[in-house]
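These notes are about the structure you will find just below.
Protein chains: 2
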Amino acid sequence: MSQSTYTVQGMTCGHCVSSVTEEVGSIDGVQQVDVDLASGLVTVTSDRDLSEDDVRAAVTEAGYQLAS
Amino acid sequence: MSQSTYTVQGMTCGHCVSSVTEEVGSIDGVQQVDVDLASGLVTVTSDRDLSEDDVRAAVTEAGYQLAS
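So the protein lines, in turn, are chains A and B. Under this note's numbering, the letters of the first sequence match residues 258 to 325, in that order. Under this note's numbering, the letters of the second sequence match residues 258 to 325, in that order.
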């Protein structure tokens with residue numbers, strides 16, 4: 258089990274949280290996604306180490322940006 | 258044909274615009290809904306005069322507030 262935390266920019270409401278949760282949750286191996294809207298922190302629990310590029314692509318697909 | 262403009266509070270992003278558009282658009286008689294996110298102005302075109310209570314209920318259902 259692996260857990261990583263990322264900062265996502267641009268989320269403004271619960272719909273944004275849902276979009277990011279859904280896209281990041283669709284990455285192979287991801288088991289749980291927790292998003293804190295106020296801080297932009299996204300904690301991802303997965304059964305394998307994730308590629309940051311995969312997470313970045315999912316966040317971009319949702320319409321937001323991973324903080325570099 | 259009737260057109261009315263309302264001010265909706267709390268919309269922060271395009272998802273919010275979509276939610277309000279969908280809910281207000283589901284009111285019987287509504288033909289078009291135009292939302293300006295920056296100003297919160299929602300312009301509703303309908304084939305009959307709408308009850309403000311109906312519009313308020315739809316906006317509330319979407320999760321936002323009609324300015325009084």
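Where a beta carbon is used, it is the ideal one built from N, C-alpha and C, also for glycine.
Item	Value
Helix, strand or coil at Thr-269/A [DSSP, three-state]	coil
Chain-ordered residues of the segment 269 to 283 of chain B with a beta carbon less than 9 Å from chain A	Thr-269, Cys-270, Gly-271, His-272, Cys-273, Ser-275 and Ser-276
Proximity below 8 Å, CB of Val-299/B to CB of Leu-307/B	no
Three-way DSSP call (helix, strand, coil) for Ser-261/B in this model	strand
Beta-carbon separation (whole angstroms), Tyr-321/A vs Gln-260/A, contact threshold 8 Å	Not really, about 20 Å apart at Cβ, beyond 8 Å.
Own chain partners of Gly-282/B with C-beta closer than 6 Å, once the 5 adjacent residues on each side are dropped	Val-290
Where the beta strand (DSSP E) through Asp-304/B begins and ends	Unbroken run through Asp-304/B: none, as it is neither H nor E.
Cβ-based burial, Ala-319/A [other Cβ within 10 Å; buried from 16]	buried
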